[in-house]
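Have a look at the structure below before the remarks.
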Amino acid sequence: MAIVPRAGEVIGQQGSKHQMQFIRSNTFHWAAALAALFAAFVTILFGIIYFKIDDYLIARSDRMITTQVNFFAALPPDRRISALDDHLGQDSRGVHFAGIFDAKGNRLAGNVARLPDDLGAGAPVKSVRMARADDKQADAPLVRAVARSLDHGHVLMIGRNVDETRELSRVVGGALALGLLPAFCFWLLAGAWLSVRAQRRVEEVNMRVRRIIAGDLRERLPHRNIDEPFSRLAAIVNGMLDELETTINALAGVGNDIAHDLRTPLTRARLTLERGRTNATSLEQFQEAADKAIAGIDQSLSIVTALLRLAEIENSRRSSAFGDVALGDMLREVCDMYEPIAEDKQIALSVGMSGPLHVRGDRDLLLEAVANLVDNAIKFTPRSGSVKLELSRGEGETILRVTDTGPGISDQEHEAVLRRFYRSDKIRNTPGIGLGLNLVSAIVKLHGFRLIIHSGPGGRVEIICPDEPVGRA
Amino acid sequence: MAAGRMAHVGSRRDRGAVRLPWIREDCAVTMALSVGQRIIANEPRRATGGDLDGSRNDLMTKVLLIEDDEETAGEIAAELADRGFDVEWSSNGLDGLAKARDLRPDAMIVDRLLPGMDGLTVIESLRKDQVRTPVLVLSALGAVDDRVRGLRMGGDDYLTKPFALVELIARIEALLRRPPETRETTLRVGQLELDLIERTVKRGERNIDLLPREFRLLEYMMRRSDQLLTRAMLLEEVWNYKFVPATNLVDVHMGRVRHKVDGPDDAPMIHNVRGAGFILRAVS
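Read top to bottom, the protein sequences are chains C and A.
For the first sequence, the positions run 1 to 473 when my numbering is used.
For the second sequence, the positions run 474 to 757 when my numbering is used.
Below, the structure is given as structure tokens:
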């Protein structure tokens, strides 16, 4: 019930703010947050890639210039300068730096004007700023360089421009922008789409639920494929609605049945009273009419009482009153009670059992159930027949069986009896099955036992009492 | 209440003559008015409770009725008055409790659902004050659990609405005349003699052979001779049945016992009160 006003509220908002609502929706928020997270991860990933490549390139340059400086230092001094010139001449990209300097740092050969002051001879490769002698650019590029002392106080320097790593970062950044921005936008759009879709479905469900609340029980929630959570939920709700619809229809049917069953004796009572009032001329006639009317009213009352009792047992969820019931004693008691009636009909009523058997249950209710079965059996067994009460052990269960030599229960009635109380109620006027069997069924169910009704010929009804009853409340 | 037919012995006077329960009536007049219409016409009047206690002959048995529905209360009160009871009526729990304390009635009829104070609470408070007045609880709740609760809270008997007035009267009389605890091992009603030790029954010189279940039934009836015993009462007390079976079992059992007790040449002792129940009475 609490859902009703809220559902109405949502519907009311949808008219005015429908367009913007998806932005506020939970789905969209989640989508946006996920997109942001994704972007952050991708950025970090690209950063790592960049730094790794940068490291690798510098290490490679370092190895290369170390090899080169060793090579040039090992050459004889007269060939060294021409080799150096060759080396520089082959450098089309202008990334190589090299030079031989005298002890004061002045150039003897190579393309670098001065030996940088912070580059010590014999030190490992390091980054220094230096400019080519022919380069007029204001800022000197960053160069990985190494220096080596030669004889006569000369110094050999070999360097390599590593500015290309900066280029690399530009490329990586560009790729990042090109890839990430559309992806981020796509995420947002997808989020918005999902959110709008969910919104629409909620709206649709809301509409249908309102129709159901309004009383149209045939309405069902939409569901497409069964694997989607939303559809599965819808399928579950639909199943529930199916059950509800059946029950409510059955209830309506019962209502009609009860009304019919009550109306018949009440009509009789009314007619009797009416006729008595007009026609009776003596006290005896009045009393006769009144007695007949009372009988009619009593019949109506007994139907109401039986129905209430049935409802009471069906709704009873208590098993706290359960105790140990000695079935044998109980059967003998029922037998004792019904023996005179059986004798009057020349029916042999007997009890057979393999030993003392106990079950957990409500003694009074179980007695009522068995008494009902015996009552029925005697009622529908023709003269000179027999009714047997038997108690035996099955596998992990105790079986209480009532058999008779009557016509038994036909398959058709059998079906009706096993259906829920409300339906089987329809056959209340069928001979052989009254409310009694419904009552038995309700009592048996309450105990977590099973009622098995075998088809004729010959009546055979069993109450199966498992040692571990299922579904007991 | 199922197939067994209930008879409603209502007061059949016109509405104008319905007396208010608190107006004490002349018992003789009441009896004269209703005597012709009684189904239990030959049941002895027990208005004074004289059978129990001779010293109270001049006092009528006082019954306190606590029931909030005025019409129901009116009918019950009228019927009780017809049968010679002095009826006090109270329409709510608090007033009822006060009256129960002041008037010290001989028996009480208490509806379960009452304005002011619940019927069961009324009984509980009385029991706490050590008031042992027998109480018949009336209720529209027929559930077994309610019944058990009603009896546990101090009620002595429980009757579910709707009920037949005969049933109500029979139960009230039963409460008022609970058989005294006796060490006697032989029950006697007229010529009928029942030996509880030997488990034998004799009517005059004639031995009566009874099955154990028949013995039980006759024993109960002899303890409550001269009382109307309804089918529901017998089912509850003799067979301990909490429900009314579809077949009229009581009549069949009673038929057997009657056949044995009342021989073909004897004057009948077990009487069938049409539509109500049975009475065991000594031959006068």
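By construction, the Cβ of each residue, glycine as well, lies at the ideal position given by its N, Cα and C atoms.
- Query: Is it right to say residue 104/C is buried, meaning 16 or more other beta carbons lie within 10 angstroms of its own, or is it exposed?
  - Reply: In summary, residue 104/C is exposed, with fewer than 16 beta-carbon neighbours lying within 10 Å of its beta-carbon over all protein chains present.
- Item | For residue 736/A and residue 679/A, believed in contact at Cβ under 8 Å, the rounded distance | Confirmed, Cβ separation roughly 7 Å.
- Taking Cβ positions, are residue 668/A and residue 655/A nearer each other than 7 Å? Cβ atoms of residue 668/A and residue 655/A: not closer than 7 Å.
- So which residues of chain C does residue 704/A contact, with C-beta pairs closer than 9 Å? Result: empty, since nearest Cβ-Cβ is about 13 Å, beyond 9 Å.
- Please go through the stretch 673-721 of chain A and give each complete beta strand (DSSP E) segment of 3 or more residues, from N-terminal end onward. The stretch 673-721 of chain A contains these whole beta strand (DSSP E) runs: 673-676 and 679-681.
- Item | Chain-ordered neighbours of residue 720/A on chain E, where CB pairs are closer than 9 Å | Going by chain labels, chain E is absent from the structure shown, which instead holds the protein chains C and A.
- Classify residue 13/C as helix, strand or coil using the three-state DSSP reduction. Bear in mind that the predicted position of residue 13/C carries a pLDDT of just 44, short of 50, making it unreliable; the figure below should be weighed with that in mind. Reduced to three states, the DSSP call for residue 13/C is helix.
- Message: Along the chain, where does the beta strand (DSSP E) containing residue 745/A start, and where does it finish?
- Response: The continuous beta strand (DSSP E) containing residue 745/A extends over residues 743-746.
- Task: Ignore the nearest five residues each way along the sequence and tell me which others in residue 502/A's own chain have a CB closer than 7 Å to its CB.
- Result: Only weak support exists for where residue 502/A lies, its pLDDT of 34 falling under 50; the coordinates are left without a value.
- Query: Beta-carbon separation of residue 439/C and residue 387/C under 7 Å?
  - Reply: No, these two residues do not count as a Cβ contact at 7 Å.
- Could you name the residues of the same chain whose beta carbon sits closer than 6 Å to that of residue 450/C, not counting the 5 residues immediately before and after it, in chain order? When the five nearest sequence neighbours on each side are left out, the beta carbons in the same chain lying within less than 6 Å of the beta carbon of residue 450/C are those of 464, in order along the chain.
- Which word fits residue 677/A, buried or exposed, when buried means at least 16 other C-beta atoms lie within 10 angstroms of its C-beta? Per the 10 Å Cβ criterion, exposed.
- Query: Under the DSSP definition of a beta bridge, which residues are partnered with residue 106/C?
  - Reply: Looking at the DSSP assignment, residue 106/C forms a beta bridge with 114/C.
- Report the rounded CA-to-CA distance for residue 531/A versus residue 309/C, giving the unit in angstroms. A caution first: residue 531/A carries a pLDDT of 44, below 50, which makes its placement in the model too unreliable to give a value.
- Residues near residue 643/A in its chain [Cβ-Cβ closer than 8 Å; skip 5 each side]: If we look at residue 643/A and ignore the five residues flanking it on each side, its Cβ neighbours are 700, 701, 702, 703, 706, 749 and 750.
- Item | Chain-order list of residues whose beta-carbon lies under 8 Å from that of residue 212/C (same chain, five-residue window excluded) | 219 and 241, listed in sequence order.
- Message: Determine whether the beta carbon atoms of residue 537/A and residue 590/A lie at a separation below 7 Å.
- Response: Going by C-beta atoms, residue 537/A is not nearer than 7 Å to residue 590/A.
- Query: Is residue 98/C buried or exposed, if buried means 16 or more other CB atoms sit within 10 Å of its CB?
  - Reply: That one is buried.
- Report the rounded CA-to-CA distance for residue 550/A versus residue 593/A, giving the unit in angstroms. In a straight line, the C-alpha of residue 550/A is about 21 Å away from that of residue 593/A.
- What's the gap between the Cα of residue 561/A and the Cα of residue 625/A? Approximately 25 Å between the Cα atoms of the pair.
- What are the boundary residues of the alpha helix (DSSP H) that includes residue 48/C? Annotation: the continuous alpha helix (DSSP H) that includes residue 48/C extends over 26-74.
- Message: Residues in the same chain with beta-carbon distance under 6 Å from residue 608/A, minus the five sequence neighbours each way, listed in chain order, please.
- Response: Around residue 608/A: 581, 583, 596, 628 and 629.
- Item | Beta-carbon proximity check, residue 133/C vs residue 111/C, cutoff 7 Å | Cβ atoms of residue 133/C and residue 111/C: closer than 7 Å.
- Query: Which residues share a DSSP beta bridge with residue 91/C?
  - Reply: Beta-bridge pairing links residue 91/C to no other residue.
- Rounded to a whole number of angstroms, what is the C-alpha to C-alpha distance between residue 742/A and residue 650/A? Cα to Cα, residue 742/A sits roughly 20 Å from residue 650/A.
- Item | Residue ranges of each alpha helix (DSSP H) within the stretch 577-652 of chain A, 4 or longer | Here the runs fully enclosed are 592-601, 617-625 and 638-649.
- Task: Mind checking who residue 561/A pairs with in its DSSP beta bridge?
- Result: Bridge partners of residue 561/A according to DSSP: 537/A.
- Query: Looking at the C-beta of residue 368/C, does it have a partner C-beta in chain A at a distance below 7 Å?
  - Reply: Yes - at least one Cβ of chain A is within 7 Å of the one on residue 368/C.
- Neighbourhood of residue 217/C by C-beta distance below 8 Å, restricted to the same chain and skipping five residues each side: Around residue 217/C: 241, 244, 245 and 248.
- Item | Integer-rounded CB distance, given that residue 730/A should sit under 8 Å from residue 671/A | About 18 Å; that fails the 8 Å criterion.
- In this structure, does DSSP put residue 329/C in helix, strand or coil? The answer is helix: DSSP assigns residue 329/C an H, G or I state.
- What span of residues does the beta strand (DSSP E) with residue 166/C cover, start to end? Segment 164-213 is the alpha helix (DSSP H) holding residue 166/C; no beta strand (DSSP E) there.
- Hey, out of 221/C, 223/C, 394/C and 238/C, whose CA is closest to residue 467/C's CA? The residue from 221/C, 223/C, 394/C and 238/C with its alpha-carbon nearest to that of residue 467/C is 394/C.
- Task: State the CB to CB distance for the pair residue 611/A and residue 540/A, rounded to an integer number of angstroms; the pair is presumed to be in contact (CB under 8 Å).
- Result: So it is a contact: roughly 7 Å between Cβ atoms.
- With distances taken Cα to Cα, identify the nearest neighbour of residue 365/C among 356/C, 118/C, 61/C and 314/C. Among 356/C, 118/C, 61/C and 314/C, the Cα nearest to that of residue 365/C is on 314/C.
- Cβ of residue 733/A less than 7 Å from any chain C Cβ? No, residue 733/A lies away from the interface with chain C (no Cβ there is under 7 Å from its Cβ).
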